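Chemist:
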Amino acid sequence: MSQTCIHERTSKEEIEKGLKLQPKFDSNGLIPCITTEVHSNEVIMFAWMNEEALRHTIETGKTTYFSRSRGKLWVKGESSGQIQWVKELRTDCDQDVILVKADIGENGAACHNGYKSCFYRKLEGDALVFDGGEPLFDPEEVYKK
Numbered sequence: 001m002s003q004t005c006i007h008e009r010t011s012k013e014e015i016e017k018g019l020k021l022q023p024k025f026d027s028n029g030l031i032p033c034i035t036t037e038v039h040s041n042e043v044i045m046f047a048w049m050n051e052e053a054l055r056h057t058i059e060t061g062k063t064t065y066f067s068r069s070r071g072k073l074w075v076k077g078e079s080s081g082q083i084q085w086v087k088e089l090r091t092d093c094d095q096d097v098i099l100v101k102a103d104i105g106e107n108g109a110a111c112h113n114g115y116k117s118c119f120y121r122k123l124e125g126d127a128l129v130f131d132g133g134e135p136l137f138d139p140e141e142v143y144k145k
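Be aware that the sequence shown starts at 1, since it is given in full-length UniProt numbering, and climbs by one per residue.
1) Just tell me which of Y120, D96, F66, G29 has its CA closest to the CA of E42.
2) Span of the alpha helix (DSSP H) holding P32?
3) Smallest Cα separation from L73: which of G81, Q82, T63?
4) Return the first residue and the last residue of the beta strand (DSSP E) that I44 is part of.
5) Let me make sure I understand the geometry here. Which of E106, V86, W48 has the alpha-carbon closest to that of R70?
6) For S2, collect the residues of the same chain with a Cβ closer than 7 Å to its Cβ; drop the 5 residues on either side in sequence, then sort them by chain order.
7) Does the beta carbon of T10 fall short of 8 Å from some heavy atom of the ligand ADP?
8) Where does A109 sit, in a helix, a strand or coil, going by DSSP?
9) Mind checking which residues open and close the beta strand (DSSP E) that includes K122?
10) Measure from the alpha carbon of S27 to the alpha carbon of each residue in T10, N50, L21, E14, then state which is nearest.
11) Spatial neighbours of K144 within its chain, please: C-beta separation below 7 Å, excluding the five flanking residues on both sides.
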């Protein structure tokens, strides 16, 4: 896809029923992005994109986010090798959320803590319990921190 596939927002009708990508970035220039594993549809992470990250994602096929804490683009897997290859990119009805369906490989992990999904805990009663399997990599080894 070319850079021209992201368009300025127009009418409600065109945004909700048209065939042009017209994402709604918030006042900080960001749009939420939910990423799922393409084969299982499991939600593996949530992050933010700015327009540059969305363009980079479309152009390279590698899911790219905007890191609010670092204030820069973040190509997922750049440090860890856990690249998220975009297989499908969707937007919701009013184009204010992006959904990426990504291939992370058979033993891929989306979480910086080494888990397949960032959602590796669930609430049971009044406490969180682990529910995401074992870590797939050692973050201290991968990130050398």
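Note that the Cβ used here is the ideal one computed from N, Cα and C, for glycine as well.
Here the structure is a predicted model, which means the values were calculated and not measured.
Modeler: From the atom records:
1) Of the candidates Y120, D96, F66, G29, the one whose C-alpha sits nearest the C-alpha of E42 is Y120.
2) Element bounds for P32: not the alpha helix (DSSP H) but the beta strand (DSSP E), 31–37.
3) Among G81, Q82, T63, the Cα nearest to that of L73 is on T63.
4) Its beta strand (DSSP E) spans residues 43–49.
5) Of the listed residues, the one whose Cα sits closest to R70 is W48.
6) Residue confidence for S2 is low, a pLDDT of 48 falling below 50, so the modelled location carries little weight and cannot support an answer.
7) The model on display carries no ligand, and the ligand ADP is accordingly not part of it.
8) A109 sits in coil when the DSSP states are folded into three classes, being neither helix nor strand.
9) Where K122 is concerned, the enclosing beta strand (DSSP E) stretches over 121–124.
10) Of T10, N50, L21, E14, the residue nearest in Cα terms is N50.
11) Correct list: empty, nothing qualifies.
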